[in-house]
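Asker: Okay, handing you the structure first.
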Amino acid sequence: MKKPALHWQILIGMGLGVAIGIGLSFLTWGPQFVLNWIKPFGSMFISLLKLIAVPLIIVSLVKGVSDLNDITKFSKIGLRTLALYLLTTVSAVLIGLTLVNLIQPGSHVDLQAIDRLTETFGASANEKIQIAQEPSNRGPLQFLEDLIPQNIFLAASDNRNMLQVIFFAIFFAISLLLIPQSKQQPVKDLIETLNEVVLKMVDLIMLFAPYAVFALIATLAIESTEGNLFSALLGYGLTVLLGLALILVFYLLLVYFFTGKSPRFFLEGMGPAQLVAFSTSSSMATLPVTMERVEEHLGVDQEVTSFVCPIGATVNMDGTSLQQAIAAVFVSQVLGHDLALMDQLTLILTATLASIGAAAVPSAGIIMLVIVLESVGFPSEKLPIALAMILAIDRPLDMCRTIVNVSGDGCVSMLVGKSLGMLQSPRPKEWDDHVDQIQH
122 MKKPALHWQI LIGMGLGVAI GIGLSFLTWG PQFVLNWIKP FGSMFISLLK LIAVPLIIVS
182 LVKGVSDLND ITKFSKIGLR TLALYLLTTV SAVLIGLTLV NLIQPGSHVD LQAIDRLTET
242 FGASANEKIQ IAQEPSNRGP LQFLEDLIPQ NIFLAASDNR NMLQVIFFAI FFAISLLLIP
302 QSKQQPVKDL IETLNEVVLK MVDLIMLFAP YAVFALIATL AIESTEGNLF SALLGYGLTV
362 LLGLALILVF YLLLVYFFTG KSPRFFLEGM GPAQLVAFST SSSMATLPVT MERVEEHLGV
422 DQEVTSFVCP IGATVNMDGT SLQQAIAAVF VSQVLGHDLA LMDQLTLILT ATLASIGAAA
482 VPSAGIIMLV IVLESVGFPS EKLPIALAMI LAIDRPLDMC RTIVNVSGDG CVSMLVGKSL
542 GMLQSPRPKE WDDHVDQIQH
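First residue of the sequence shown? That's 122 in my numbering, and the numbers climb one at a time after it.
Written out as structure tokens, the structure is:
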């Protein structure tokens, strides 16, 4: 019998994870069994993806830039990438603000539930507020200063410093282009071989993906114990989910009108990356899968993929930006803080800039929200209550918005590739999933 495509295998693992996780949660020994014997497999999968993220970025970016043989072409890729990421982020914020003002989910919250939410999540909220003060106290050019690593080995040891790794790889590749051709070739041959090795590592890790997703989802089912509190925030959660769905539709329309590719083509190509993103809640952990899918299944040349996807995994947070806009207005509605038109225009600017400036900050989504709320004069004494409400339902929404963040990277990669004549037919390797469906 023919093996199902990878995205179907992952979906089956996800469904089994939900069923078994919920089933075991009713047994006295079930939760501990999941935490001791199932959760580690999900954790190992995430660790493996993070393990190869830095080597993948370095070798693919050096190979991609050096293969251009023309620095001006690289500048075109860079400018178009940044312009498109800015466009999609602003569009996401506008969608979020439109929805939250039309639906007004903050007018339907049980005020008694706020006290329970504050009691449950207040300590975590205060911790996030303290972390958020660090970026706000830095100078205006600190972001650019942080791009340059003092030690590449230290930068490579922490995935939060991914922009520094990207800077080094681009700097190295441009320098490689500027030395004589005869001396370039040995380095290019080495990078080519390393690139093949790292891509093979991605393939081997993805063989484990359905089982790892099962472990991650089963663990989530066991650890999600605050369902009674989630119900108080149902309107907010549904508003965010509707916004995320509209962003995905926006991506599909962009891909269709500017590349001629159907929504089905895009969704099938990005499917496994989207499912891994949902399971791990991490664009960075999903990056190896994203790059493999964009290059081989969407047909984008590696010269584009190697730049657009790593940049996107760190600064393109369309789903997160949309949620910040909705969350800021939502908590203002609940806690009686009026936001004038000028305040909401300020939200567009700060949510867009925060998505870039908070890229290297842990728990970036919540940190961004603190920055956004402070920009519109939200009372500091109400910040812990506001964050407690958002933290209560952040985990499931984080999983969904990571799908959007990863999908945005695929969309922008296709648009940049098409504009530069670097979008080809899909070229999956012979060992890959549903290869026959694409080649015939």
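Heads up, the beta-carbon is just placed ideally off N, CA and C, and yes, glycines get one too.
So, using beta-carbon positions, are serine 453 and arginine 201 closer together than 8 Å?
Answerer: Not in contact: serine 453 and arginine 201 (Cβ atoms no closer than 8 Å).
Asker: What residue ranges within the segment 131-194 form continuous alpha helix (DSSP H) runs of no fewer than 4 residues, ordered along the chain?
Answerer: Listed in chain order, they are 151-154 and 160-189.
Asker: With hydrogens ignored, establish whether the beta-carbon of leucine 218 is closer than 7 Å to any heavy atom of the ligand NAP.
Answerer: In terms of ligand content, the structure shown is empty, and the ligand NAP therefore cannot be addressed.
Asker: State buried or exposed for arginine 385, treating a residue as buried only when at least 16 other CB atoms are found within 10 Å of its CB.
Answerer: Its Cβ having fewer than 16 others within 10 Å, arginine 385 is exposed.
Asker: Contact between the segment 335-343 and the segment 208-215 is defined here as three or more beta-carbon pairs at a separation below 8 Å; is this criterion met?
Answerer: At 8 Å Cβ cutoff, the stretches do not touch.
Asker: Mind reading off the beta-carbon distance from isoleucine 295 to glutamine 285? Whole number of angstroms is fine, and I expect it under 8 Å.
Answerer: Contact flag wrong, Cβ pair sits at about 16 Å.
Asker: What does a CB cutoff of less than 7 Å around methionine 520 pick up in its chain, not counting 5 residues either side in sequence?
Answerer: Hits under 7 Å: Phe399 and Ser402.
Asker: Whose CA, out of Lys197, Gly185 and Thr471, lies closest to the CA of alanine 290?
Answerer: Among Lys197, Gly185 and Thr471, the Cα nearest to that of alanine 290 belongs to Gly185.
Asker: Just confirm the distance between the C-beta atoms of leucine 375 and arginine 522, as a whole number of angstroms; I'd bet it's less than 8 Å.
Answerer: Between arginine 522 and leucine 375 the Cβ distance is about 18 Å, and since that is not below 8 Å, they are no contact.
Asker: Kindly confirm or deny that the segment 414-426 and the segment 497-517 touch, where touching means at least three C-beta pairs closer than 8 Å.
Answerer: The answer is no - the segment 497-517 does not touch the segment 414-426, with fewer than three Cβ pairs under 8 Å.
Asker: With 16 as the cutoff for other CB atoms within 10 Å, does valine 370 come out buried or exposed?
Answerer: So valine 370 ends up on the exposed side.
Asker: Would you give the residue range spanned by the alpha helix (DSSP H) that asparagine 526 belongs to?
Answerer: Where asparagine 526 is concerned, the enclosing alpha helix (DSSP H) stretches over 515-540.
Asker: Of the residues Val183, Pro301 and Leu315, which one's Cα is nearest the Cα of phenylalanine 288?
Answerer: It is Val183.
Asker: Just checking my contact of valine 429 with serine 528 at CB under 8 Å: how many whole Å lie between their CB atoms?
Answerer: So it is not a contact: roughly 13 Å between Cβ atoms.
Asker: Are alanine 475 and valine 493 closer than 8 Å when you measure CB to CB?
Answerer: Their beta carbons are under 8 Å apart, which means alanine 475 touches valine 493 by this criterion.
Asker: Could you check whether glutamate 417 and proline 331 sit closer than 8 Å to each other, using their CB atoms as the reference points?
Answerer: No, the pair does not count as a contact, with Cβ atoms beyond the cut-off.
Asker: For the alpha helix (DSSP H) holding leucine 375, just list the boundary residues, first then last.
Answerer: Segment 355-380, the alpha helix (DSSP H) holding leucine 375.
Asker: Could you pull the DSSP bridge partners for valine 421 from this structure?
Answerer: Answer by DSSP bridge pairing, in chain order: Leu544.
Asker: Which residue from Val425, Leu170, Gly542 and Leu456 puts its Cα closest to that of methionine 322?
Answerer: Nearest option by C-alpha distance: Leu170.
Asker: Nearest by alpha-carbon distance to alanine 434: which of Pro409, Gly151 and Leu359 is it?
Answerer: Among Pro409, Gly151 and Leu359, the Cα nearest to that of alanine 434 is on Pro409.
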